[in-house]
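Inspection log for the structure reproduced underneath, given as structure tokens.
Numbering (my numbering), first residue to last: 153 to 447.
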């Protein structure tokens with residue numbers, strides 16, 4: 153299935169035969185919103201069945217109004233996204249306007265101050281939100297366009313609506329899955345034009361950051377920088393990889409030249425997938441899947 157307009161293109165769509173439009177009140181809808189892409193995931197909260205996944209590429213967007221316009225176009229022309237009677241709706245924000253704060257130091261009245269440490273924040277056009285991670289002591293503080301928030305709240309006013317940052321989804325996902333991998337592993341998520349790096353020490357988050365990628369060699373530069381900063385070994389540290397990279401791609405071969413103990417992460421085991429989803433590689437969409445863990 154492929155849908156296009158001048159502002160977006162649907163590049164991946166998988167739908168389970170178990171999807172039932174009359175049971176939306178049992179379903180969680182997750183919408184992950186970036187500047188250049190947009191993902192949809194629908195999960196049956198009764199059994200964790202993944203029912204629908206869609207991935208869109210967006211045309212170049214120059215304003216928050218432009219982004220809201222594209223999202224409205226997608227939702228209004230979709231066979232189910234415009235419905236209002238979901239059990240819950242999660243909006244996952246992909247942007248660089250975020251900060252992580254230890255929960256022991258977090259004061260909700262200071263969220264704007266936390267943001268200004270790392271990024272510019274415009275209180276006129278943006279709202280500062282936060283998410284207290286369940287599986288770690290980190291609090292994700294992030295900025296969201298007020299125009300985008302108004303659209304989401306209006307579109308899904310009848311559902312339980314949660315707003316979170318991509319960093320929170322990745323942290324919850326890695327913390328939940330870490331027992332599957334050797335202790336002190338380093339975890340990578342390759343996003344479109346972004347690299348996310350995480351590490352876990354003991355039972356808590358040791359490190360998280362995201363890096364903007366302009367050319368492939370930037371991946372290696374930032375990975376080596378973090379390995380050195382965390383006193384990890386380039387030759388012996390186990391590295392787990394998720395994201396938009398093929399298992400037989402030249403990019404993976406390049407990673408392997410520098411990191412010998414690198415392997416692809418598994419699809420999370422807290423969700424169930426019908427055979428239709430076999431066309432999606434297991435290490436893809438880990439952030440989107442992991443958002444289901446966020447409460």
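Beta carbons: idealized from backbone N, C-alpha and C, even for Gly.
Using a Cβ distance threshold of 8 angstroms, residue 302 and residue 273 do not count as a contacting pair. In the pairwise beta carbon analysis, the region 430 to 447 is classified as touching the region 186 to 199: at least three pairs are separated by under 8 angstroms. For residue 395, there is no enclosing alpha helix (DSSP H); the residue is found in the beta strand (DSSP E) stretching over 391 to 395. When DSSP states are grouped into helix, strand and coil, residue 171 belongs to the coil group. The DSSP assignment places 318 to 329 as complete runs of the alpha helix (DSSP H) inside the region 304 to 361, in order along the chain (cut-off: 4 residues). As for any alpha helix (DSSP H) of minimum length 4 sitting wholly inside the region 213 to 298, the runs are 216 to 228 and 263 to 270, ordered along the chain. Looking at the DSSP output, residue 418 sits in no beta bridge, so it has no partner there. Of 340, 363, 419 and 364, the smallest CA-CA separation from residue 407 is found for 340. Sequence-distant partners of residue 327 (beyond 5 residues in either direction) whose C-beta falls short of 6 angstroms from its own C-beta, in its chain, are 287 and 288. Per the Cβ contact rule, the region 320 to 335 is in contact with the region 411 to 422 (3 or more Cβ pairs under 8 angstroms). When only Cα atoms are considered, residue 210 and residue 223 end up about 9 angstroms apart. In the displayed model, residue 209 falls within a strand according to three-state DSSP. In the DSSP assignment, the residues bridged to residue 196 are 179 and 201. Cβ neighbours of residue 163 within its own chain (closer than 6 angstroms, five residues either side excluded): 207 and 209. Three or more pairs of CB atoms, one per stretch, sit closer than 8 angstroms, so the region 179 to 196 contacts the region 241 to 248. DSSP, reduced to helix, strand and coil, places residue 185 within a strand of the structure shown.
Distances from the CA of residue 292 to each of 250, 227, 410 and 436 were compared; the closest alpha carbon is that of 250.
Around the beta carbon of residue 177, fewer than 16 other beta carbons lie within 10 angstroms, which makes this residue exposed. Under DSSP, residue 364 shares a beta bridge with 346.
Distances from the CA of residue 175 to each of 276, 232 and 380 were compared; the closest alpha carbon is that of 232. By DSSP's assignment, residue 165 forms a beta bridge with 206.
When the beta-carbon positions are compared, residue 392 and residue 411 stay at least 8 angstroms from each other.
Under DSSP, residue 191 takes part in a beta bridge, and its partners are 184 and 207. The beta carbon of residue 254 is closer than 8 angstroms to those of 289, 290 and 291 in its chain, skipping five residues each way along the sequence.
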